[in-house]
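First up is the structure itself, then whatever we jot down about it.
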Amino acid sequence: MRAISAFMNGVTKVNEWVGRILAYLVIPIFVFILIEVFLRYLFNAPTVWTNELTQMLFGLYAVLSGGYILAHRGHVNVDIFHATLPRRVQATVDIFTSVLFFIFVMAFGWFGYEMAKESIATWETSYSAWNPPIWPIKLAIPIGAGLLLLQGIVKLIQDIAIALGVKCPNADETGEAGDTL
C-alpha cells in the first residue's frame with residue numbers, strides 16, 4: 591500500500607509542478623498579444639511572429655496541463671445527475687466511465703507520439719514567414735498524454751478506494767488530491 595501511495599503522491603506532485611509552471615505561460619501570451627495590438631493598431635506595423643508564438647505557447651499550455659487539471663477535478667463534466675449521487679456511487683460510475691478516458695488518452699498518446707516522431711525526424715518548421723521549429727510543440731503532445739494517463743491511473747485508484755469504502759490517503763472526501771502532497 592505504501593508503494594501505491596508513493597506512486598500516487600509522486601504522479602500528483604509532478605503534475606502539480608508542471609501545472610504551476612505552465613500557469614506562468616499566460617503572462618508571456620498576454621504580453622505578446624499586447625505587443626501585437628499596439629504595433630498593429632497604433633503604429634500600423636504588425637509583426638510576423640507574435641500570433642504564431644502565442645499559438646505555440648497556448649498549445650504547450652493546453653497539452654501539458656491535462657494532468658494538473660485532472661488532479662484538481664477541473665475537466666468539464668456533465669454533472670446534472672452525477673453531482674446528486676452519493677460519493678461512493680459517483681466513484682463507481684467514474685470507474686466504469688474511466689474505460690472511455692483511457693481509450694481517449696491512449697489514442698491521444700499514440701497519435702501524438704507518431705506525429706512527434708515524424709516531426710522530429712524532419713526537424714519540422716511552420717513554413718511561415720517567421721518559420722520557427724514546431725517539433726518541440728509536437729513533442730509536448732505525447733508527454734502531455736503521458737502525464738494525463740498517469741494522473742488518470744491515480745484517479746482510478748482513488749475511485750476504487752472510495753467505491754470500496756477504503757480510506758485513500760491521497761484524496762479528500764471529494765476525491766480531489768489532498769494535502770498529503
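For the sequence shown, the positions run 591 to 771 when this note's numbering is used. Don't be surprised by glycine CBs; every beta carbon is placed ideally from N, CA and C.
Exercise for the section: Take the Cβ of T715 as the centre, count every other Cβ of all protein chains shown within 10 Å, and call the residue buried at 16 or more, exposed below. Expected result: T715 should be labelled exposed.
Handout entry: Helix, strand or coil at T682 [DSSP, three-state]
Key = Collapsing the DSSP output to three states places T682 in a helix.
Exercise for the section: Report the three-state DSSP secondary structure of P723 (helix, strand or coil). Expected result: The answer is strand: DSSP assigns P723 an E or B state.
Exercise for the section: Report the partner residues of T772 according to the DSSP bridge assignment. Expected result: Shown here, the chain extends from 591 to 771; a query on residue 772 therefore has no answer.
Problem - 8 Å contact criterion, which L737 and A706 should meet: CB distance rounded - result: A Cβ-Cβ separation of about 14 Å leaves L737 out of contact with A706 under the 8 Å criterion.
Handout entry: Rounded straight-line distance, which links the Cα of I619 to that of R677
Key = Using only the alpha carbons, I get a separation of about 39 Å.
Exercise for the section: Specify whether the stretch 640 to 647 and the stretch 662 to 672 touch according to this definition: at least 3 beta carbon pairs, one from each stretch, less than 8 Å apart. Expected result: Judged by Cβ distances under 8 Å, the stretch 640 to 647 makes no contact with the stretch 662 to 672, as fewer than three pairs qualify.
Exercise for the section: Would you give the residue range spanned by the alpha helix (DSSP H) that K603 belongs to? Expected result: Where K603 is concerned, the enclosing alpha helix (DSSP H) stretches over 592 to 613.
Exercise for the section: Helix, strand or coil for H672, going by three-state DSSP, please let me know. Expected result: Three-state DSSP puts H672 in a helix.
Problem - Beta-carbon gap between V608 and A719 smaller than 8 Å - result: Using a Cβ distance threshold of 8 Å, V608 and A719 do not count as a contacting pair.
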